[in-house]
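Trainee:
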Amino acid sequence: MDQKAFNLVADRVGEVLTAQGYVRSDKTPEAGTVVFTGEDNAYAIAYDNDKKRFELRTAAMTEEGPDDTWKNISMWLFDPETDGTSGAESVVNDFIETIEGPKRKDAIQAARKKRKKDDEQNIDPLFFFNRMVGIYPALKEQLQEERERYVSLRSVTFTKQHINKLVAKTVDNGAADQFERLCTLLSDMYANGDIDVRSIVTMV
Numbered sequence: 771m772d773q774k775a776f777n778l779v780a781d782r783v784g785e786v787l788t789a790q791g792y793v794r795s796d797k798t799p800e801a802g803t804v805v806f807t808g809e810d811n812a813y814a815i816a817y818d819n820d821k822k823r824f825e826l827r828t829a830a831m832t833e834e835g836p837d838d839t840w841k842n843i844s845m846w847l848f849d850p851e852t853d854g855t856s857g858a859e860s861v862v863n864d865f866i867e868t869i870e871g872p873k874r875k876d877a878i879q880a881a882r883k884k885r886k887k888d889d890e891q892n893i894d895p896l897f898f899f900n901r902m903v904g905i906y907p908a909l910k911e912q913l914q915e916e917r918e919r920y921v922s923l924r925s926v927t928f929t930k931q932h933i934n935k936l937v938a939k940t941v942d943n944g945a946a947d948q949f950e951r952l953c954t955l956l957s958d959m960y961a962n963g964d965i966d967v968r969s970i971v972t973m974v
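Quick look at the structure:
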């Protein structure tokens, strides 16, 4: 874990949570995790070394503290060897956007409850699209609009309307480093993504 990047994410997101009345807890469910508790729920910011990703989790509060049934509400791949400060800033922006958008967060949580339990931790299309933003920053505004307008992400439509043309330009005449990043991302997403992500990579 890159401690500097972790501290940046924890401190910046923590500022937003503190402003909303949350308190940073001295107790953590595991190493590499910070917890902020509120009246009704708690948030945890964690880094998974094995999967190389930051995770924003939430749990309901009990009289003894968080009920330890943590659910991931946002995830962002972060490789300390290749992702620097800009990558950590992307994590911060995504987590803050999730926290400050309670209506959208509730809608996403409701949709996720309908999924099978064994698919809960899989890398889904939203996770994939967030990583594409790192290669194509112009997608950020389009993805934000998509999430605000639709409860269920239209992954195939969004790919066809916004992503395919960017990928085509990169393949035809994009910079070598951008092409390499794209290939690496597609390979990783196909290897680790859920069935929807694999279908997008291979068919859409």
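Here the numbering used here is used: the first residue of the sequence shown is 771, the next is one more, and so on. Here a beta-carbon is modelled for each residue, glycine too, at the ideal position from N, C-alpha and C. Note that this is a predicted model, so its numbers are computed, not measured.
Can you give the Cα-Cα distance for K797 and L952, rounded to whole angstroms?
Mentor: Using only the alpha carbons, I get a separation of about 39 Å.
Trainee: Determine the direct distance from the alpha carbon of L847 to that of K821, and round the result to whole angstroms.
Mentor: Cα to Cα, the separation comes out at about 8 Å.
Trainee: Per DSSP, R823 forms a beta bridge with which residues?
Mentor: Paired residues: D818 and L847.
Trainee: Which class does V805 belong to by DSSP, given the choice of helix, strand or coil?
Mentor: Three-state DSSP puts V805 in a strand.
Trainee: CB-CB under 6 Å to F928, same chain, minus the five flanking residues each way: which ones, in chain order?
Mentor: Correct list, in chain order: E916.
Trainee: For A775, is the classification buried or exposed, using 16 other Cβ atoms within 10 angstroms of its Cβ as the cut-off for buried?
Mentor: Label assigned to A775: buried.
Trainee: Quick check: the Cα distance between M973 and E870, rounded to an integer number of angstroms?
Mentor: Whole-angstrom Cα-Cα distance: 35 Å.
Trainee: Among the residues of its own chain, which have a CB less than 6 Å from the CB of G857, if the five just before and after it don't count?
Mentor: Only F848 meet the Cβ criterion.
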